[in-house]
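A.B. asks: Could you have a look at this structure, given as structure tokens, before my questions?
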Amino acid sequence: MEDILRSGFAELGIEPDGKAFERYNTYFEYLEERNAVMNLTAISGREDVARLHFLDCAALLSICNFKDKTVIDVGTGAGFPGLALKIAEPSIRLTLLDSLNKRIEFLAETCEKLGFDDVACLHARAEEAPKELYAAFDVAASRAVARLNVLCELCLPFVKVGGMFIAMKGPDCAQELTEAENALHLLGAEVEKTVAYTIPGTDITHTAVVIRKLKPTHPKYPRKWAQIKKQPL
Numbered sequence: 004m005e006d007i008l009r010s011g012f013a014e015l016g017i018e019p020d021g022k023a024f025e026r027y028n029t030y031f032e033y034l035e036e037r038n039a040v041m042n043l044t045a046i047s048g049r050e051d052v053a054r055l056h057f058l059d060c061a062a063l064l065s066i067c068n069f070k071d072k073t074v075i076d077v078g079t080g081a082g083f084p085g086l087a088l089k090i091a092e093p094s095i096r097l098t099l100l101d102s103l104n105k106r107i108e109f110l111a112e113t114c115e116k117l118g119f120d121d122v123a124c125l126h127a128r129a130e131e132a133p134k135e136l137y138a139a140f141d142v143a144a145s146r147a148v149a150r151l152n153v154l155c156e157l158c159l160p161f162v163k164v165g166g167m168f169i170a171m172k173g174p175d176c177a178q179e180l181t182e183a184e185n186a187l188h189l190l191g192a193e194v195e196k197t198v199a200y201t202i203p204g205t206d207i208t209h210t211a212v213v214i215r216k217l218k219p220t221h222p223k224y225p226r227k228w229a230q231i232k233k234q235p236l
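Going by our numbering, the residue at position 229 of the sequence shown is 232; the numbering climbs one at a time, nothing skipped.
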């Protein structure tokens, strides 16, 4: 795994923390162990996890500056992208948010194994998160499968004015960008850039949609999930 990660980081132009490779291996081993009984991810095996999880997520470090940033990973699942980013750039002050408590318990245990005592693992739905989290982060990130207009409503309220929301998407997200225009307007944000990248060692291309928060989000957002689902912005 270390060889895959070293060459992948070199290809991405990223210099990870000195303890990163040891920590990625620890993360992988515990993920495999718990995944056998918890169904945390459909991706397994050293090479696939190294490329399709760790390098895919860490690629964001080549797109945006995360050093010393407060970051919330919304709908983190098994810790992607947040924990994979934290391993490569430990200065990140990270909050992992997920609606399923068993995932949060797994992440808390993983952070302990990794020696991260500064990661907050919170069990909550994004639209029901504690109000003190709103406008509290430099960066919100999400690898969730929801459409971009829905993700914007769930994630942008967490971002400070001047901060960023980064949505990890597939290679062709033009339609999602178009349908998210109204949501961005209502939530006080705009697309700053979209960056396509290929996961090292694969022919898989993903897109990072970088959205800049320009003004405060109205406190009525996010709405209840039933409203979001029934009538997306």
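Every residue gets a Cβ at the ideal spot worked out from N, C-alpha and C, and that includes glycine.
Keep in mind that this is a model prediction, so the values were computed, not measured.
Roughly how many whole angstroms lie between the Cα atoms of Thr79 and Met167?
C.D. replies: Here residue 79 corresponds to residue number 76 of the sequence shown, with the count starting at 1. Here residue 167 corresponds to residue number 164 of the sequence shown, with the count starting at 1. The straight-line gap from Cα to Cα measures roughly 17 Å.
A.B. asks: Return the Cβ separation of Glu92 and Asp20 in integer angstroms, given the expectation that the two are a contact with Cβ distance under 8 Å.
C.D. replies: Numbered from its first residue, the sequence shown carries residue 92 at position 89. Numbered from its first residue, the sequence shown carries residue 20 at position 17. The pair is a contact, with the Cβ atoms about 7 Å apart (cut-off 8 Å).
A.B. asks: For Lys163 versus Lys233, is the C-beta distance shorter than 9 Å?
C.D. replies: Taking the first residue of the sequence shown as 1, we reach residue 163 at position 160. Taking the first residue of the sequence shown as 1, we reach residue 233 at position 230. Not in contact: Lys163 and Lys233 (Cβ atoms no closer than 9 Å).
A.B. asks: Specify, as a first and last residue, the run of the alpha helix (DSSP H) that Cys158 falls within.
C.D. replies: Here residue 158 corresponds to residue number 155 of the sequence shown, with the count starting at 1. Leu151 to Cys158 is the extent of the alpha helix (DSSP H) around Cys158.
A.B. asks: Going straight from the alpha carbon of Lys227 to that of Glu131, what length do you get?
C.D. replies: Numbered from 1 along the sequence shown, position 224 holds the residue referred to as residue 227. Numbered from 1 along the sequence shown, position 128 holds the residue referred to as residue 131. So the alpha carbons of these two residues sit roughly 8 Å apart.
A.B. asks: Please state whether the Cβ-Cβ distance between Tyr27 and Leu8 is less than 9 Å.
C.D. replies: In the sequence shown, the residue the question calls residue 27 occupies position 24. In the sequence shown, the residue the question calls residue 8 occupies position 5. A contact, by the Cβ cut-off of 9 Å.
A.B. asks: What residue range does the alpha helix (DSSP H) around Gly85 cover?
C.D. replies: Taking the sequence shown and counting its residues from 1, one reaches residue 85 at position 82. Gly85 to Ala91 is the span of the alpha helix (DSSP H), which, as asked, contains Gly85.
A.B. asks: I'd like the ranges of any alpha helix (DSSP H) spanning at least 4 consecutive residues and lying wholly in the region 51-128.
C.D. replies: List check, alpha helix (DSSP H) in window: 85-91 and 104-117.
A.B. asks: Which of helix, strand or coil does DSSP assign to Leu46?
C.D. replies: Stepping through the sequence shown from its first residue, residue 46 is reached at position 43. Correcting the residue identity first, residue 46 is Ile in this sequence and not Leu. If DSSP states are grouped into helix, strand and coil, Ile46 belongs with coil.
A.B. asks: Would Lys70 be called buried (16 or more neighbouring beta carbons within 10 Å of its own) or exposed?
C.D. replies: As a position in the sequence shown, residue 70 is number 67, starting the count at 1. By the 10 Å Cβ count, Lys70 comes out exposed.
A.B. asks: Return the Cβ separation of Cys155 and Ile214 in integer angstroms, given the expectation that the two are a contact with Cβ distance under 8 Å.
C.D. replies: Taking the sequence shown and counting its residues from 1, the one referred to as residue 155 is at position 152. Taking the sequence shown and counting its residues from 1, the one referred to as residue 214 is at position 211. With 8 Å as the limit, Cys155 and Ile214 qualify as a contact, their Cβ atoms being about 7 Å apart.
A.B. asks: Given Ser94, which residues of its chain have a CB within under 6 Å of its CB, disregarding the five upstream and five downstream residues?
C.D. replies: Position 91 of the sequence shown holds residue 94. Contacts found: Lys70 and Asp71.
A.B. asks: List the endpoints of the continuous beta strand (DSSP E) containing Tyr200.
C.D. replies: As a working note, residue 200 is residue 197 in the sequence shown. Element bounds for Tyr200: Ala192 to Thr201.
A.B. asks: Measure the alpha-carbon distance for Lys218 versus Phe140 and round it to whole angstroms.
C.D. replies: Numbered from 1 along the sequence shown, position 215 holds the residue referred to as residue 218. Numbered from 1 along the sequence shown, position 137 holds the residue referred to as residue 140. One C-alpha to the other measures close to 14 Å.
A.B. asks: Comparing C-alpha positions only, which one of Ile207, Ala81, Lys172 and Val77 sits nearest to Thr98?
C.D. replies: Counting from one through the sequence shown, the residue named residue 98 turns up at place 95. When only C-alpha atoms are compared, the closest one is Val77.
A.B. asks: Taking the C-alpha atoms as reference points, what is the distance between Glu14 and His188?
C.D. replies: Here residue 14 corresponds to residue number 11 of the sequence shown, with the count starting at 1. Here residue 188 corresponds to residue number 185 of the sequence shown, with the count starting at 1. C-alpha separation (whole angstroms): 36 Å.
A.B. asks: Mapping DSSP to helix, strand and coil, what is Met41?
C.D. replies: By 1-based counting over the sequence shown, the position of residue 41 is 38. It is helical.
A.B. asks: Should Gly165 be labelled buried (16 or more other beta-carbon atoms within 10 Å of its own) or exposed?
C.D. replies: The count along the sequence shown starts at 1 and reaches residue 165 at position 162. With fewer than 16 other Cβ atoms within 10 Å, it is exposed.
A.B. asks: Sort out for me which residues DSSP pairs Phe140 with in a bridge.
C.D. replies: As a position in the sequence shown, residue 140 is number 137, starting the count at 1. Note: Phe140 sits in a beta bridge opposite Val162.
A.B. asks: Compare the C-beta of Pro219 against all C-beta atoms of chain C and say whether one is closer than 9 Å.
C.D. replies: No chain C appears in the structure shown, which is made up of a single protein chain.
A.B. asks: First and last residue of the beta strand (DSSP E) that includes Thr208?
C.D. replies: For this step, residue 208 is matched to residue 205 along the sequence shown. Its beta strand (DSSP E) spans residues Thr208 to Lys216.
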